[in-house]
């Protein structure tokens, strides 16, 4: 089982839709969780961190479920500009900080 | 403030040639990373350096060497390039100890090995 798994999609949704992605991780000792956004093979950029209590940033909501070992990203009122690949990142536990990436979920928002 | 500077942006090599990818950050970060990204594979860690003077293997280190020249610079060397090393390479850095952990990436190097 890969350390971090995501459904690659693509998720094809109309503007205004709500879409949700999940990401599962294998190491129950993992402590830090993030969602990154990547456009057209450019460098990934941090979208949001994922906290135990869940967190929201505008139209984006991230949640962590430790019992089932997954994190989720919810995007409300999708915009054309949300079209991108969303990468789940989990910090591998241990002495050093080792961010481990999922393969990404592709989102296409169409008019 | 340039952030993470990665060179070159594009490179074409013949099988067996060598090259070094350069990465420098001006944010005084402790940890630096080299990832490769292949279609459908996400980013896979090649090597990382937790601090100046230390380097460690990641998930896919074979065929690569690295040097943490100083706190700013972390280079990736391909001694004898192979077609399997055709990929997009990203350098990244982070300052451990921050409460809001955020990776800063270079703009990537698209490498083709013929």
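Residue numbers (this note's numbering), protein chains in the order written: chain A, 377 to 487; chain B, 5 to 118. Using N, Cα and C, we set each Cβ at its ideal position, and we do this for glycine too. The structure displayed is predicted, hence computed values, not measured ones.
1) Measure from the alpha carbon of residue 107 of chain B to the alpha carbon of each residue in B:118, B:114 and B:94, then state which is nearest.
2) Just the C-alpha distance for residue 474 of chain A and residue 457 of chain A, rounded to the nearest angstrom, thanks.
3) Keeping to the same chain, check which residues put their C-beta closer than 7 Å to that of residue 422 of chain A; ignore five residues upstream and five downstream.
4) Can you tell me the Cα-Cα spacing of residue 6 of chain B and residue 459 of chain A, whole angstroms?
5) Beta strand (DSSP E) containing residue 421 of chain A: first to last residue?
6) I want to verify the contact list: residues of chain A whose CB lies under 9 Å from the CB of residue 14 of chain B, in sequence order.
7) Report yes or no: is there a C-beta of chain A within less than 7 Å of the C-beta of residue 22 of chain B?
8) My output table needs one value for residue 89 of chain B: the three-state DSSP class, helix, strand or coil.
9) According to a CB-to-CB cut-off of less than 7 Å, which residues of the segment 89-115 of chain B neighbour chain A?
10) Residue 408 of chain A touches chain B at which residues, Cβ-Cβ below 7 Å?
11) Quick check: is the beta carbon of residue 477 of chain A nearer than 7 Å to any beta carbon in chain B?
12) Cutting at 7 Å between CB atoms, please list the residues of its own chain near residue 122 of chain B, excluding the five before and the five after it.
13) Would you kindly report the start and end of the unbroken beta strand (DSSP E) that includes residue 27 of chain B?
14) With a 10 Å radius around its C-beta and 16 neighbouring C-beta atoms as the bar for buried, classify residue 29 of chain B as buried or exposed.
15) Can you list, in chain order, the residues of its chain whose CB lies under 8 Å from that of residue 13 of chain B, leaving out five sequence neighbours each side?
16) Just curious, the beta strand (DSSP E) that residue 388 of chain A is in, first and last residue?
17) In angstroms, rounded to a whole number, what distance separates the CA positions of residue 391 of chain A and residue 462 of chain A?
18) Going by the CB atoms, is the gap between residue 40 of chain B and residue 79 of chain B shorter than 7 Å?
19) Exposed or buried, what is residue 470 of chain A when buried is set at 16 or more other beta-carbons lying within 10 Å of its beta-carbon?
20) Nearest-angstrom Cα distance between residue 84 of chain B and residue 65 of chain B?
21) What distance in whole Å lies between the Cβ atoms of residue 479 of chain A and residue 406 of chain A, which are believed to be in contact at a cut-off of 8 Å?
Quick answer:
1) Comparing Cα-Cα distances from residue 107 of chain B to each of B:118, B:114 and B:94, the minimum goes to B:94.
2) 30 Å
3) 410 and 412
4) 27 Å
5) 421-426
6) Near residue 14 of chain B there are no residues of chain A at all, since even the closest Cβ is about 12 Å away, more than 9 Å.
7) Closer than 7 Å to the CB of residue 22 of chain B there is not a single CB belonging to chain A.
8) DSSP places residue 89 of chain B within a helical segment (H, G or I) once states are collapsed to three.
9) 92, 94, 98, 100, 104, 105, 106, 107, 109, 110, 111 and 112
10) 105
11) yes
12) Residue 122 of chain B falls outside the range modelled here, since chain B spans only 5 to 118, and no answer is possible.
13) 23-29
14) Residue burial is scored here from C-beta neighbours: residue 29 of chain B has at least 16 other C-beta atoms within 10 angstroms and is therefore classed as buried.
15) If we look at residue 13 of chain B and ignore the five residues flanking it on each side, its Cβ neighbours are 111, 112, 113 and 114.
16) 387-390
17) 17 Å
18) no
19) exposed
20) Their backbone Cα atoms lie some 14 Å apart in a straight line.
21) Wrong, their Cβ atoms sit about 17 Å apart, outside the cutoff.
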